[in-house]
Structure formats: C-alpha cells, structure tokens
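Quick note, the sequences are listed as chains R and S, same order. Residues 3 to 342 (our numbering) make up the first sequence, in order. Residues 3 to 342 (our numbering) make up the second sequence, in order. Below is one structure; the comments refer to it alone.
There are 2 protein chains.
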Amino acid sequence: MNILKKNLFTLLLLSLWVSSSQAAMRELPAPNTVSPEMQKLTEAAPLPFWNLHPKDHAEWKSFVQSVAEATATELPGLREQMEVTVTPGSIAGVPVFTVTPRKIRPENSERILLHLHGGGYVLNPGETGTYEAILMAGMGGFKVLSVDYRMAPDFPYPAAMDDAVAVYRELLKTVPAEKIGVFGTSTGGGMTLALGLRAKAEGLPLPAALAPGTPWTDLTQTGDSYFVNEGVDNILVSYDGWLGEAAKVYANGHDMKDPMLSPIYGDVSGFPPTLLTTGTRDLFLSNTIRMHLKLRQAGIDADLIVFEGMSHAHYLMDPNAPETRFHFTELKKFFNQHLQ
Amino acid sequence: MNILKKNLFTLLLLSLWVSSSQAAMRELPAPNTVSPEMQKLTEAAPLPFWNLHPKDHAEWKSFVQSVAEATATELPGLREQMEVTVTPGSIAGVPVFTVTPRKIRPENSERILLHLHGGGYVLNPGETGTYEAILMAGMGGFKVLSVDYRMAPDFPYPAAMDDAVAVYRELLKTVPAEKIGVFGTSTGGGMTLALGLRAKAEGLPLPAALAPGTPWTDLTQTGDSYFVNEGVDNILVSYDGWLGEAAKVYANGHDMKDPMLSPIYGDVSGFPPTLLTTGTRDLFLSNTIRMHLKLRQAGIDADLIVFEGMSHAHYLMDPNAPETRFHFTELKKFFNQHLQ
Chain R
3 MNILKKNLFT LLLLSLWVSS SQAAMRELPA PNTVSPEMQK LTEAAPLPFW NLHPKDHAEW
63 KSFVQSVAEA TATELPGLRE QMEVTVTPGS IAGVPVFTVT PRKIRPENSE RILLHLHGGG
123 YVLNPGETGT YEAILMAGMG GFKVLSVDYR MAPDFPYPAA MDDAVAVYRE LLKTVPAEKI
183 GVFGTSTGGG MTLALGLRAK AEGLPLPAAL APGTPWTDLT QTGDSYFVNE GVDNILVSYD
243 GWLGEAAKVY ANGHDMKDPM LSPIYGDVSG FPPTLLTTGT RDLFLSNTIR MHLKLRQAGI
303 DADLIVFEGM SHAHYLMDPN APETRFHFTE LKKFFNQHLQ
Chain S
3 MNILKKNLFT LLLLSLWVSS SQAAMRELPA PNTVSPEMQK LTEAAPLPFW NLHPKDHAEW
63 KSFVQSVAEA TATELPGLRE QMEVTVTPGS IAGVPVFTVT PRKIRPENSE RILLHLHGGG
123 YVLNPGETGT YEAILMAGMG GFKVLSVDYR MAPDFPYPAA MDDAVAVYRE LLKTVPAEKI
183 GVFGTSTGGG MTLALGLRAK AEGLPLPAAL APGTPWTDLT QTGDSYFVNE GVDNILVSYD
243 GWLGEAAKVY ANGHDMKDPM LSPIYGDVSG FPPTLLTTGT RDLFLSNTIR MHLKLRQAGI
303 DADLIVFEGM SHAHYLMDPN APETRFHFTE LKKFFNQHLQ
C-alpha cells in the first residue's frame, strides 16, 4: 500500500478509467486483532485500479507503466532500509537481478533463493519486480536471484515460465538443487509451483524447498474464496477486474486448466517441502489452501500460514508491519531448515 | 448434518422459537472444489437453532435435550460402522467413556487420546459427547477416553475445565504424558488448549501433542471471521445466537478474556506440537488461525489445515465424506508422530 499510495497522482489518473470501484466492498469492521500497521492496510480503500479492463495493447502498457512508476519510487528507500545491493545481470539470456544483503549468514554462503515476482503476468517489469526479493534478502540474510521474466501482452504463455525454467536450468550448473529454494507471491507463487511441475516434466532435479505466497494456483474463477472474499479483499477485490483480464491476456487462448497455467491441476507427487501463506480476507485463500490440501494428500511435507484479517499479499505492503517481519522470518526458518 | 437432520421433527419444533433464521445467510454459489458429500453439507440450510436465545433454565434444558435426542439416534450406527465399543466409567469422580476400536494398532497399545467434546459448554451431555471420539478411534486405531464433563447452566465455569483436568491428572498416574494426546472440536478444541494452560499452571507434565479442531479460543466476539464469515458459516451462522448466549451462561459473569475461558489470551510457551484445523467458511477461522500464529510466534511446532468451503466442524457431520477421513487420517499421522 505504501508502494501504491505515494504516487497517488498517477493512480488517480488511472482511477478515471475505473467504472465502479466504490460499491464493491462489503462493510466490515477493521480487525483489532492485527498490528496497527496491518489495521491501516485493512482499512484502506480498495486499490483504485482493481476494476480496470484494458481494451488494447496501449491500455495495458499504460496500466503497467503507472504501477511500475509508483513502485520504482519505493525501491531506493527499501534497499537502504534492508541494507541490500541489487545488481542487474543476465542468465541464459534472461534478465535477472541479484539481491545481496550486507551480511550473508555464514550457513547461506553457498545457498541461493530464486525469486519469481507477482503481478498477474503483466505487472512489475524490470527492477520493480525486485520488491519482495529485497525484503527476503534483507530480513532473511539470503542471496536472492530475481527473474525479470517476459510478460503479457507482448509475450503470453508460456514465455514467463520458459524464462523462469531457463534461469533455473542454468543455475543448476553451478549450484546443486539441494541448495536452491524458490519463492514468490501471487503469480510468482503460482510460478513457483509450476516450476516444480516443469522441473519434473523436463527431468531436472527439484529445488530443495518452495515457498509460494498466496499463489495463483487456479486462473479460472474456481475456488470458494473467489466468491466468499469478493469485496472483502481490498487488494484484488474481485476476479472480475484487471485480474481476470490478465488471466486471459496471459493464457492467450490456451486452456487455463493446463497445470502450467493453473498448477492446482498438476501432479505434485515428489514435490519438496512447501510453505504456503495466505490471509483470512485473501481472494486467493482457496487458491492457497486447495494447494496445501493437495500437497498433503500427496504425502508432501506442506505447511500453511494464514494471517488474520489479511487481504491478498498485504505482507508485502508495509516493510515495517510486524506481520511482514513475521512472514519473512518464517520463510527464513523454512529455507534454513530445508536447504542443504 | 446427518446427526441433526434425521431427527427433523424435534428440530422443527425447536425452530418455532427461532425469530429470524432465514434472512441471515449470504447468497453464495456452492463450492465445486469439494467432495459431493461436503458440497451437500455446504448447500444445506443453516441449522434451525442457530438463533436460539434460551431465556431460562427450562429453555436451556429443552434445547440441550432436543439436540441430544437427535445425536443419540446416530450413535449405534456410527459405532457399528466404525467398529468400536463404548464403555462408560468414571475417573476421579468424573464420568468418562472409553472408546475402543476393534483393532488397536500395535504401536498404540500403550497410548491414549483424551477427548473433550464440543457444544458451547452446554450441548452433548452423556454418551452424545462421544460422536467425535468414535470417529477418531475408528479411523485412527487409537483408544480414546472421552470426558463427560459438567456443563452450564447447572455447572458454569470452571466446572468443565476442572473435570477435564481431574481426569488428566488421574490418567497421569498410569500413563506417562509422553503417551497421551488431547483433542476436541470447537469448545472441545478450546478446552484442549486450556488444558495445556492448566497443566502448566498446576505443574503437571504437558500432553505429548494437542489437536484442537476449529477451537473456540476467544469467547468474546473478537477476531475477523466473527464478522467476515457471519452468514457464510451455515452451522454457527453468527455469534449473536445460541453461541453468544452459551458464552454468557458458561462464563457466568467471569471475565471472558481469562485465558482459561479464552486461551488466545494465555501464555503458550512450552506447549507441545499442536495441529489445528478449520475451514474457509468457518465462523471460527480467526479463532483457529490466531492461535496458530500465536503458537508459531512462541516457537511452538504448530501445524494448520484449512478445509475448502467448510463451515464450522463440517468434518464431523458426515462420516462418509472424504474430508472427514482426511481429517482423522491427518490426526492419526500427527499423534503417531508425536506420541511416544
């Protein structure tokens, strides 16, 4: 929210496009069972662009650009606060950012976390995709490699996953899979899971651990919380907004129930330990817990954290919220436990 | 639901008391991401007695009696299906039922599970409190000791917990704590956690593992899902029904934020491994996940399962639903892992 509030002028312009962003929210008391920082996020108005329906390439580009500008203004301060450096590079022809904390914990010197950013396969290009990677590197003391994968509408499915897998495949040449963890939020969480499926399909060794945060496991509007938490989640608000449009423009006519698009339909047998995170108000609550149940039914060591009162990915929206620190501390513990 | 539907005549009589049980439910599509059995439970009308407000002792007794009669008709068939025998007895002056499966798994011959039934500290007296214990014994292959603790309005706080602790204390004379697990649903889940707090306070060794299902950790109407899932959960529906009345009649003027009434306010440091269960539509979703977060923050090995589309304790309402078997299989694995 910090990210998106500061550049309010851009967002106000954006909201001129939006037909009916007001009426959609259910009236609910703000939870008094969360930190003051999280309470503020919970009380905030819905994101002004939730009900955006870009009609053509130019409108997509303008949307993506506006959000990217808002995020970009946050990055220098965040890097400073988290005491990390971010270095652009390229692996297997794919642009990446290496995020290095000031102090790498000794046990992490040979480990690496692969980061797949969120944004519906359309948002957060270039450096703006590193926001979550910076939090993880800073709070977890890990070196993080964030993949600037190609996105829709220019590059629809399977470009994003092709890029993620290309980087992972190349990384395996210098780092054993046992020392690699993969994480990401929302679309990045779905891609984290799809990466496991792709690794299996292509005969690559699986990463040692996966941490998908509120993952987009089902691109079709299937799952109970798409309905129960519609108008409750103040970040995504509804499937019937930019989110559903993003699913369409990324899938590009491909069957959205393909497991590489919607990993909930994949075979997760043999998956490594997986930690999933969501919130009680999250539109993706069902996307997350359905995958958790599926993993447990397949006998996988799968763990789940559900945050109180939290909408979609709120744990990324205020670096000073205790919930944010708790989330990344849980990820740190999880990767420390499962990476060699 | 099976339990409560068969004795429909009694329940219809009950519903004559009820002022406004219809209007309260939100209109939502039935989830297609659950089993047909669970879908049926999800589509069912709200329990007819959710909005009951017993005015005096006689109305409480009549309410308790009606629900007990409905449950009692289910028990013989359930015992047969689960292949268990149920033997009444008494421990430390407290009536108990020993539920013994036809086959006790060899590794479980010296282990025992202590069961605390649900029902808002008012419902499920006598044998009717054994329903969940029968499922656990049958599906898990454990010997289960179900406590028929005293209840409100005749015996308000702390009678129920006094009885539970008395049985546990006596049990410790013949079974080491390392071989004892404790479980229960709803009120029984809250009591499972309060038993941990009482054991600490009284210097007793803690049980080896706790499995509170959708536990009533906060008797005050505090927690986000009391609001978000009001009219979504078709079992409890709302705090402002018999549930809130039960809290009052059990607390009996005592501060409801006392940790022995609302364990969310207790100090859980030193707790044993704990597995919590809830559902996305559960009025007690926040009661459950708040306790899960609290346990993890205290460094406790705490695990969480959230069922898709599930209202309060639906996993107890159809013994043939795959979700029911999954739930008790998870509990079996959990206790097998943590009991000596």
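C-beta: ideal position from N, C-alpha, C; glycine also. All of these numbers come straight from a predicted model, not from anything done at the bench.
- Listed along the chain, the chain R residues whose CB falls inside 7 Å of the CB of S:Gly142 amount to none; the nearest CB is some 16 Å away.
- Along the region 207–237 of chain S, going in chain order, the ones with a CB nearer than 7 Å to a CB of chain R are Thr224, Gly225, Asp226, Ser227, Phe229, Val230 and Val234.
- Each residue's CA atom was taken as its position, placing S:Thr87 and S:Leu77 some 11 Å apart.
- Within the same chain, and ignoring the five residues on either side of S:His316 in sequence, the residues whose Cβ sits closer than 6 Å to its Cβ are Leu43.
- For S:Phe185, the uninterrupted beta strand (DSSP E) run begins and ends at Ile182 to Thr187, by DSSP.
- No Cβ-Cβ contact shorter than 8 Å links R:Asp150 with R:Pro209.
- The straight-line gap separating the alpha-carbon atoms of S:Gly143 and R:Ile291 is approximately 27 Å.
- Within the same chain, Cβ atoms closer than 6 Å to the Cβ of R:Val234 are found at Arg28 and Arg283, the five residues on either side in sequence being excluded.
- Within chain R, the residues whose beta carbon sits less than 8 Å from that of S:Asn34 are Thr224, listed in sequence order.
- Scanning its chain for C-beta atoms nearer than 6 Å, with the 5 sequence neighbours on each side dropped, one finds around R:Ile93 the residues Val169 and Glu172, in chain order.
- In the three-state scheme derived from DSSP, where H, G and I count as helix and E and B as strand, S:Ile136 is classed as helix.
- The DSSP-derived three-state label of R:Gly190 is helix.
- For the region 299–319 of chain S, the residues whose beta carbon sits under 8 Å from a beta carbon of chain R are, in order, Gln299, Asp305, Leu306, Ile307, Val308, Phe309, Glu310 and Gly311.
- With the rule of 3 Cβ pairs closer than 8 Å, the region 171–188 of chain S counts as touching the region 112–132 of chain S.
- Per the coordinates, the alpha-carbon of S:Ser68 lies some 16 Å from the alpha-carbon of S:Pro155.
- Listed in chain order, the positions of the region 84–107 of chain R with a beta carbon within less than 8 Å of a beta carbon of chain S would be empty, since no residue qualifies.
- Around R:Thr282, the beta-carbon contacts reaching into chain S at under 8 Å are Asp226, Ser227, Val230, Leu287, Ser288 and Ile291.
- Judged by DSSP in its simplified three-state form, R:Gly215 adopts strand.
- With contacts defined by Cβ atoms closer than 8 Å, R:Asp220 and S:Gly311 do not form a contacting pair.
- With fewer than 16 other CB atoms across the displayed protein chains lying within 10 angstroms of its CB, S:Asp303 is exposed.
- Proximity of R:Pro275 to chain S, defined by a Cβ-Cβ separation below 8 Å, is not satisfied.
- The alpha carbon of R:Pro217 has as its nearest neighbour, out of R:Glu82, R:Phe185 and R:Glu332, the alpha carbon of R:Phe185.
- Rounded to the nearest whole angstrom, the CA to CA distance from S:Leu297 to S:Val270 is 6 Å.
- Counting every other CB atom within 10 Å of its CB across the protein chains shown gives S:Arg104 a total below 16, marking it as exposed.
- Straight across, the Cα-Cα distance linking R:Leu333 with R:His55 is about 34 Å.
- The alpha-carbon separation between R:Thr194 and R:Ala211 amounts to approximately 10 Å.
- For S:Val239, the three-state secondary structure derived from DSSP is coil.
- Using a Cβ-Cβ cut-off of 8 Å, S:Pro261 does not count as an interface residue toward chain R, since no Cβ of chain R sits closer than that to its own.
- The beta carbon of S:Pro321 sits closer than 7 Å to those of Leu80, Gln83 and Leu137, all from its chain and outside the five residues before and after it, given in chain order.
- In this structure, the alpha-carbon of R:Ser288 lies about 15 Å from that of S:Thr279.
- When beta bridges are read from the DSSP output, S:Ile307 appears opposite S:Thr279.
- Rounded to the nearest angstrom, the gap between the Cα atoms of S:Lys57 and S:Gly120 is 22 Å.
- Counting the other Cβ atoms within 10 Å of the Cβ of S:Ala47 gives fewer than 16, which makes it exposed.
- In the three-state DSSP reduction, S:Leu80 falls in the helix class (H, G or I).
- With a threshold of 8 Å between beta carbons, R:Phe328 makes contact with chain S.
- With the criterion set as a beta carbon lying under 9 Å from some beta carbon of chain S, the members of the region 35–58 of chain R are Thr35, Val36 and Thr44, in sequence order.
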